[in-house]
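Per this note's numbering, the sequence shown runs over residues 28 to 82.
Glycine is no exception: its CB is placed at the ideal position from the N, C-alpha and C atoms.
Quick notes on the structure that follows.
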Amino acid sequence: SEIHGTAFPADAPHGRIIIFPVYHPAVITHNPPLRKDLEGDFWRLKEILGTISPL
28 SEIHGTAFPA
38 DAPHGRIIIF
48 PVYHPAVITH
58 NPPLRKDLEG
68 DFWRLKEILG
78 TISPL
């Protein structure tokens, strides 16, 4: 997919949220070359989570 690994800010009833689409982890059993994409997505997610203030 073209949007995996991209953060999308959105408004929810309880406030601002981030939507971060990723491949389902089982994708690597069916398509092993996507493993690097999935790992990269999770590294980006870790970076994003590090910039968010705790509740």
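Query: Give the range of the beta strand (DSSP E) segment to which F47 is assigned.; Result: Premise fails: F47 is in no beta strand (DSSP E) and is neither H nor E.
Query: Can you grab the Cα-Cα spacing for the pair I87 / G42, in whole Å?; Result: The displayed coordinates of the chain run from 28 to 82. Any statement about residue 87 would go beyond what the structure contains.
Query: In chain order, what residues of the same chain lie with their CB nearer than 8 Å to the CB of G67, ignoring the 5 residues before and after it?; Result: G32
Query: Which value, in whole angstroms, describes the spacing of the CA atoms of T56 and L65?; Result: 12 Å
Query: Quick check on P52: does DSSP put it in helix, strand or coil?; Result: coil
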